[in-house]
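Q: If you read the sequence shown in UniProt numbering, its first letter stands for residue 1, the second for the next number, and so on. Ideal Cβ placement from N, Cα and C applies to all residues, glycine included.
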Amino acid sequence: MQFSLEQLEAFVASAEAGSFSAGARRLGKAQSVVSAAIANLETDLNLTLFDRSRRSPVLTVHGEALLIKARHILEQCGSFLASAEEFQAGVETKITLAVESMTMTQALADQLQAFEAQYPMVELEILNAAEGDILELLRTGRAQLALMIQLEGLVEGFDFYGIGQLEMCHLVSPQHALAKEKAVDWHHLKSHRQILLSGRYRKLAHRWQLSDSMWVTDSALSAMLLVSSGIGWTVLPRNIVGDLIQSGLLTELVTKMDVDGWRQSVDVAYSNQRAMGPASKALLALLKEIQLR
């Protein structure tokens, strides 16, 4: 059994337009060509797709069932050709975005949705990575772009673009000893176990370490679960813990150190030693539009 895309196009166009002549006009072909294509399709399938006993052809039961599948085949063929054209133009088949877990915000999700609309054929991989790992992912080409907490200084071989700041919160469980304090200072925090976010290489763990007693995780979710269990305290951005604070699952500590609040700047990062394709450049432009406040 064989059939062609031209036959399926004639079948779908005629069914949707209501007649062979209207289907032919839609396709810009002669009615005889469309009628012949449908007749040949019926022969190939050994099925009658249209009831021709009336003034205008009407789909049979088999025709109605196969129309849905024919539309799907044509849609997939269109997607196939669109992907091929994009790849011929140098568009990447896949992009990897490394995201420090603290920087995963609704603003990022909105821009990724916009990217999907521009490049629906490009596969996007999102790696949840700690800051100590992100530069290594970019350096090796494992990731093309990244969102991360701003580093203390510039790093050769990389470009950084600021997209705003995240408000940070010191957090414990409601049952933790620190939750009973009206306000805490460095001494209080040093006296209790810290749940620290750091990468598998732990290159930058010292940057955030305050307590001598420390547990380390590379996941903000893991940190939240450990803290809610009363194991220690941590620092996370309000955008990912606000609901947990409001629900009473976590308690925000009032600190004596940051009267006006503590904010962390966020950067888009990428290697300036590696060429970007069209889709990566488009995603970079969208990420630069994010404005965290």
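(1) Would V184 be called buried (16 or more neighbouring beta carbons within 10 Å of its own) or exposed?
(2) Can you give, in chain order, each stretch of the beta strand (DSSP E) that sits fully within the region 64-109 and has at least 3 residues?
(3) What is the rounded straight-line gap between the Cα of A15 and the Cα of E92?
(4) Using only the alpha-carbon positions, how far apart do I73 and R55 sit?
(5) Using a Cβ-Cβ cutoff of less than 8 Å, which residues in the same chain neighbour Y201 once the five nearest sequence positions on both sides are dropped?
(6) Taking 8 Å as the threshold, find out whether the region 192-199 comes into contact with the region 208-225 through three or more Cβ pairs.
(7) As a quick exercise: from G28, Q31, A17, pick the residue whose alpha carbon is nearest that of V58.
(8) For residue 304 and T140, what's the separation of their Cα atoms in angstroms?
(9) So for residue 303, helix, strand or coil by DSSP?
(10) Under a three-way DSSP split, which group does I38 fall into?
(11) Please confirm whether L250 and V241 have their CB atoms less than 9 Å apart.
(12) Rounded to whole angstroms, what's the CA-CA distance from A30 to G164? Just pull it up for me.
(13) Hey, quick one: how far does the beta strand (DSSP E) through W186 stretch, first residue to last?
(14) Where S32 and G90 are concerned, what is the direct C-alpha to C-alpha distance, given to the nearest angstrom?
(15) Can you check the region 244-290 for any alpha helix (DSSP H) of at least 4 residues that lies completely inside it and give the ranges in chain order?
(16) If you drop the 5 nearest sequence neighbours on each side, which residues of the same chain put their C-beta closer than 7 Å to that of G277?
(17) By Cβ distance below 8 Å, which residues in the same chain neighbour A107 in space, the five residues on each side in sequence not counted?
(18) With distances taken from CA atoms, which of M257, S21, L5, L49 is nearest M168?
A: This is what the structure gives:
(1) As a first step, residue 184 is located in the sequence shown; it is residue number 184 there, counting from the start. The residue in question, V184, is buried, as its Cβ has 16 or more Cβ neighbours within 10 Å.
(2) 94-100
(3) Counted from its first residue, the sequence shown places residue 15 at position 15. Counted from its first residue, the sequence shown places residue 92 at position 92. Approximately 37 Å, taken between the alpha carbons.
(4) Residue 73 sits at position 73 when you count from the first residue of the sequence shown. Residue 55 sits at position 55 when you count from the first residue of the sequence shown. C-alpha of I73 to C-alpha of R55: approximately 29 Å in a straight line.
(5) What you label residue 201 is simply residue 201 of the sequence shown in a count that begins at 1. Note on Y201: pLDDT 41, under 50, position unreliable in the model; no value is reported.
(6) yes
(7) The residue you call residue 58 lines up with position 58 of the sequence shown. Nearest option by C-alpha distance: A17.
(8) The shown model of the chain, from 1 to 293, leaves out residue 304, and the question about it has no answer.
(9) Since the first and last residues shown for the chain are 1 and 293, residue 303 lies out of range.
(10) Here residue 38 refers to the residue found at position 38 of the sequence shown. In this structure, I38 counts as helix in the three-state DSSP scheme.
(11) Within the sequence shown, the letter at position 250 stands for residue 250. Within the sequence shown, the letter at position 241 stands for residue 241. Contact: yes.
(12) As a first step, residue 30 must be located in the sequence shown, where it is residue number 30. As a first step, residue 164 must be located in the sequence shown, where it is residue number 164. Roughly 60 Å between the two C-alpha positions.
(13) Numbered from its first residue, the sequence shown carries residue 186 at position 186. Where W186 is concerned, there is no enclosing beta strand (DSSP E), although the alpha helix (DSSP H) it sits in stretches over 186-190.
(14) Your numbering for residue 32 matches position 32 in the sequence shown. Your numbering for residue 90 matches position 90 in the sequence shown. For S32 and G90, the distance between alpha carbons rounds to 41 Å.
(15) 278-288
(16) Translated into the one-based positions of the sequence shown, residue 277 becomes position 277. Closer than 7 Å at the Cβ level, and outside the excluded window around G277, lie G90, V91, E92.
(17) Counting from one through the sequence shown, the residue named residue 107 turns up at place 107. Result list for A107: I290, Q291, L292, in chain order.
(18) Here residue 168 refers to the residue found at position 168 when the sequence shown is read from its first residue. Cα-wise, what sits closest to M168 is M257.
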